[in-house]
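Report on the structure given below.
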Amino acid sequence: MRVLGIDIGGTAVKGGWIEDFKVKKKTVILTDKVNPMKTVKSLINKYLATRKPSVIGIATGGRVNCKTGEVMFATPNLKQWTGLNLKEILQEEFKVPVFVINDSRAAALAEAKLRNVDSLFMLTIGTGLGGGYVKGGKVLLGESWEAGEIGHTILYPNGRECNCGKKGCAEQYISMKVLHKYAGVKDRKELLKLFEKNSEKVIKALEIMANDLAILIDRIFLEFDPEFITLGGGFSELGDKALRIVRKKLRKFAEFSMYSVDRVVMSKLGNDAGMLGAAIFAEENLSNLM
114 MRVLGIDIGG TAVKGGWIED FKVKKKTVIL TDKVNPMKTV KSLINKYLAT RKPSVIGIAT
174 GGRVNCKTGE VMFATPNLKQ WTGLNLKEIL QEEFKVPVFV INDSRAAALA EAKLRNVDSL
234 FMLTIGTGLG GGYVKGGKVL LGESWEAGEI GHTILYPNGR ECNCGKKGCA EQYISMKVLH
294 KYAGVKDRKE LLKLFEKNSE KVIKALEIMA NDLAILIDRI FLEFDPEFIT LGGGFSELGD
354 KALRIVRKKL RKFAEFSMYS VDRVVMSKLG NDAGMLGAAI FAEENLSNLM
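All residue numbers for the sequence shown refer to my numbering, where the first residue is 114 and numbers rise by one.
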């Protein structure tokens, strides 16, 4: 089966042929802010010029109805996509089966397959905070397609205002955007460089955020008790040193519970997780139709 996996982000659209759980002939195109659909179609056309896929898997931000393929509520970076049915539009255009899933749920699916585990909770810490829960090898989607939407659970009642309309959402305390703000560093590469050099202001910023992240992780362990909680998104670029800081903060909660902090791990797939997960989701759903 020829599977094309695509991950749509507000900054870039990534695509590649997915074979034997590997991304081949990967392409990255900067997202057209005015017309992101133009970018997506351009990328798909690039692949169709060489061969036609059996199925296309799409990972995108926001609340996604995985049955219909509609983006029910888009992320701020792609806000014009609210109400857009990606599945219908792309199937009509390319005459290929298309399946759409939230990017964090897709990443969770890919990480669980990579680690060959029954249960895993994925935290995607990027511009915002996303999540996905895999149980029994299947990603949980929920009746309202919101299962795993951990970034919009309330961490601090009546806290910071969130763009979703609520106050105190976890996303307002845990994200790379928050870390950059705490550290007073705008550039991603500069932040990574300073962290590698043990910059006091960046380490301090991470420790502040890690306190809140530890609260959230403890809550996830006690509610779901997954085999692993995986930290992905841009946060995974910080590597094992950042993981050690998070685990250290978590120990003050773990000592009163049964879980081990060693069950918190960094993503192994990095930026390819969304593409891989979208492909897995598409292949599974196509097989169910046959």
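Don't be surprised by glycine CBs; every beta carbon is placed ideally from N, CA and C.
If only uninterrupted beta strand (DSSP E) runs of at least 3 residues are considered, those enclosed by the region 114-142 are 116-121 and 125-132.
Residue pairing by DSSP places residue 282 opposite 267 in a beta bridge.
Around the C-beta of residue 136, 16 or more other C-beta atoms lie within 10 Å, and the residue is accordingly described as buried. Taking a C-beta distance under 8 Å as the contact criterion, residue 116 and residue 167 qualify as a contact pair. With contacts defined by Cβ atoms closer than 8 Å, residue 250 and residue 231 form a contacting pair. Here the alpha carbon of residue 283 sits roughly 11 Å from the alpha carbon of residue 274.
Judged by beta-carbon spacing, residue 364 lies within the 8 Å limit of residue 374, meaning their Cβ atoms are closer than that value. In the structure shown, residue 387 falls within a helical segment according to DSSP collapsed to helix, strand and coil. It is roughly 15 Å from the alpha-carbon of residue 385 to the alpha-carbon of residue 214. Rounded to whole angstroms, residue 279 and residue 171 show a C-alpha spacing of 28 Å. Take residue 382, set aside five residues on each side of it, and the residues of its chain with a beta-carbon closer than 8 Å to its own are 220, 223, 224, 227, 345 and 389, in chain order. By the Cβ test, the region 189-209 is in contact with the region 116-126, since at least three Cβ pairs between them sit closer than 8 Å.
If you ignore the 5 residues before and after residue 307, its C-beta comes within less than 8 Å of the C-beta of 296, 298, 314 and 315, all in its own chain and listed in chain order. Our two residues, residue 380 and residue 235, have alpha carbons roughly 8 Å apart in a direct line.
Taken through DSSP and simplified to helix, strand or coil, residue 160 comes out as helix.
The beta carbons of residue 241 and residue 173 sit no closer together than 8 Å.
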